[in-house]
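Position in the sequence shown (from 1) plus 7 gives the number in the working numbering.
Using N, Cα and C, we set each Cβ at its ideal position, and we do this for glycine too.
As the structure is a prediction and not an experimental result, all values here were calculated from the model.
Structure first, then comments.
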Amino acid sequence: MSLREGCKIERIEAIPLRCKLAEPFGYSQGWYEKRETTLVKIVTNDGIQGYGECFGPIAGNREIVEDFFAPILKGKNPLDVEELWEFMYNKGRAAFQSFIPMTAISGIDIALWDIKGKILGMPIYRLLGNGHRDEIKAYATGHYFKKTNSIEELFSHIITEALENVKAGFDMLKLKIGLGVLGFDLEEDIKLIQRVREAVGGKVTLMVDANYAYDPHTAILIGKELEKAKVFWFEEPIDPTDLEGYKEVKAALNIPIAAGECLATRYGFRDFLSQRAIDIAQPDLCAAGGITECRKIADMASTYNIKFIPHVWGSPIAIVASLQLIASLPRASLLEFDRSDNPIREEMGKSLIVREGSYVKVPQNPGLGINIDENIIRKYRQ
Ligand code: MG
């Protein structure tokens, strides 16, 4: 019996994980008091298991994975991953009309690639095209806001974290701005970047993420200050869907503009790429359509000579899925390495994520290349 005929999806399970944080942290759009995610586990008729991850809250993902997609995918061949992507996308649209549940599709897609790699005996990046990649350059994300008594205390908190990241081997750091959420204004946003720049010195690369805190006019004002501070890229300056606004901001600034973590699918990226509204495309594998779709977005970006640096935020499954995709690409990219508080990521990742300085190892085992410790899953499962 051939692989094609013999292999079938037997079971699809949503695994919701949640933990409360000891201390909340914030960014321009609000505060995180917990971390949560939904893993997807797919088991085939011959017992092969694959894991994926859905971006975002448990609510919605759990139900759509288990009640909507699991029954219609049962019995299908997991090797047909791209065909199954189209099947899910079309079924999703027909069922929900006003939106397509891309986070759920993403989690299932990643799990299918994990299975496919295990069946074919190769890490995913090799299935997608490349020969051998050992490691990927990473940058540190974090430096979130804390609830402090003064702006100076907040600055010193963020500077301490930045210096710790440099000490840990990172030479590229991403900072958050948009201190309006704490009642401050643009001056403090600019001062924060200047203070961190002074503290870490000129050799460390800084990137800045506004998480759409501004309108285009304000983004241009602040972008000019970021240029002076030699910031490497300005991320999500404005509303993620405002194509014309991005073109306006990009035209007015010399600093590269990054965006895309709030966009999904090749259709969502199409106009941003073809109209050159951004310099760096940042889809999240767990939200934009999984490995299948993000590889397509990466290829589209390369057509327009736009960099592809995916957004990464989640458990070690999101991290290794991103590593596998990045390792498959012919052009250099970077791994976003989240350093903010997340006990689930830390506990699961201890034996799975291997970082040496600013480089993270690409798992070489088949599929995603990792074995999930089910005891940790049990600990955080909701
Ligand atoms: Mg971001």
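Item: When we look at the beta-carbon of G37 and count the other beta-carbons within 10 Å, is it buried (16 or more) or exposed?; Value: exposed
Item: Taking 7 Å as the cut-off, is the beta-carbon of E401 closer than that to any non-hydrogen atom of ligand 1?; Value: Because the chain spans 8 through 389 in this model, residue 401 falls outside it and cannot be assessed.
Item: Does DSSP put M8 in a helix, in a strand, or in coil?; Value: Confidence is the limiting factor: at M8 the pLDDT is only 47, short of 50, which leaves the residue's position unreliable and the question unanswerable from this model.
Item: My output table needs one value for L193: the three-state DSSP class, helix, strand or coil.; Value: helix
Item: Whose C-beta lies closer than 6 Å to the C-beta of A295 among residues of the same chain, with five residues either side of it excluded?; Value: A271, C301
Item: Measuring straight from C-alpha to C-alpha, what distance separates I379 and M355?; Value: 7 Å
Item: Go through its chain and collect everything with a Cβ distance to F62's Cβ below 6 Å, but skip five positions before and after it.; Value: T110, D291, C293, A294
Item: Return the Cβ separation of L121 and L375 in integer angstroms, given the expectation that the two are a contact with Cβ distance under 8 Å.; Value: Residue identity check: residue 121 is Asp in the sequence provided, not Leu. Yes, they are in contact, since the Cβ atoms of D121 and L375 sit about 5 Å apart, within 8 Å.
Item: Note down the Cα distance separating E93 from K303, rounded to an integer number of angstroms.; Value: 13 Å
Item: Tell me the DSSP bridge mates of A21?; Value: V47
Item: Going by DSSP, what residues sit across from T6 in a beta bridge?; Value: The structure shown does not extend to residue 6, since the chain is modelled only from 8 through 389, so no value can be given for it.
Item: D286 by DSSP, collapsed to three states: which one?; Value: coil
Item: On the CB-based measure, 16 or more other CB atoms within 10 Å of its CB, does V361 come out buried or exposed?; Value: exposed
Item: Just to confirm, does N97 get its C-beta within under 7 Å of one of the non-hydrogen atoms of ligand 1?; Value: no
Item: Using CA coordinates, which residue listed in E234, I245, N372 is at the minimum distance from L212?; Value: First, the residue type needs correcting, since residue 212 is Thr and not Leu in the sequence shown. Out of E234, I245, N372, E234 has the C-alpha closest to the C-alpha of T212.
Item: Can you tell me whether F106 is buried or exposed, with buried defined as 16 or more other CB within 10 angstroms of its CB?; Value: exposed
Item: Can you check which of these residues, K83, K27, T44, is closest to C14 by C-alpha distance?; Value: K83
Item: Using 10 angstroms around the beta-carbon of K257, count the other beta-carbons present and answer buried if the total reaches 16, otherwise exposed.; Value: buried
Item: Which residue wins for smallest C-alpha separation from M214, given the options T225, L199, P223?; Value: L199
Item: So, helix, strand or coil for G67, using DSSP?; Value: helix
Item: What residue does the beta strand (DSSP E) around E242 start on, and which one ends it?; Value: 238-242
Item: Would DSSP call A271 helix, strand or coil?; Value: coil
Item: Taking 7 Å as the line, does the beta carbon of D216 fall inside it for any heavy atom of ligand 1?; Value: yes
Item: Counting along the chain, where does the beta strand (DSSP E) carrying A265 start and finish?; Value: 264-266
Item: For A236, which option in I324, I262, A66, I115 has the closest C-alpha, if you only look at C-alpha atoms?; Value: I262
Item: Using only the alpha-carbon positions, how far apart do E20 and V47 sit?; Value: 6 Å
Item: Can the beta-carbon of A206 be found less than 8 Å from the beta-carbon of N172?; Value: no
Item: Counting Cβ pairs, one atom from each stretch, are 3 or more of them under 8 Å apart for the stretch 112-119 and the stretch 334-353?; Value: no
Item: Would you kindly report the start and end of the unbroken beta strand (DSSP E) that includes M214?; Value: 212-216
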